[in-house]
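Notes to accompany the following structure.
Numbering (the numbering used here), first residue to last: -4 to 96.
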């Protein structure tokens, strides 16, 4: 089933860690792009192994499989900022071509 455009990531923040990404996350959520995925709040504090899922996607050599994995990880989010997404910008743009970067 195809996802609706508004169910996809709408904003991709490409800033590296420690460059104001927490402030950007807060601003995007105030502007209605909520939830916004961020390393600290969504990976480091996640007891369900989201970090392992990101590592598996990072290491996946097959682009189609990698993109499918990233879609699953980011399902339900309106925006993404910080690491590890900021290191996969080309993949993010390919998966979410209508997102603002």
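The beta carbon of each residue, even a glycine, is placed where N, CA and C say it ideally should be. All of these numbers come straight from a predicted model, not from anything done at the bench.
DSSP state of residue i, grouped into three classes?
i	result
residue 76	coil
residue 38	helix
residue 27	coil
residue 55	coil
residue 13	coil
residue 46	helix
residue 83	coil
residue 70	coil
According to DSSP, what are the bridge partners of residue i?
i	result
residue 61	Answer is none; residue 61 lacks a bridge partner.
residue 95	6
residue 32	75
Between the Cα of residue i and those of the options, spot the shortest distance and give me the residue it belongs to.
i	options	result
residue 32	43, 26, 17, 42	17
residue 21	73, 88, 91, 84	73
residue 64	76, 77, 87, 28	87
residue 59	89, 7, 8	89
residue 23	35, 34, 8	8
residue 26	5, 39, 51, 61	5
residue 35	68, 51, 76	76
residue 56	71, 95, 44, 83	83
Looking at residue j and residue i, is the spacing between their C-beta atoms short of 8 Å?
i	j	result
residue 12	residue 49	no
residue 10	residue 81	yes
For residue i, would you say it is in contact with chain D, using Cβ-to-Cβ distances shorter than 8 Å as the test?
i	result
residue 21	Of the protein chains in the structure, only one exists, and it is not chain D.
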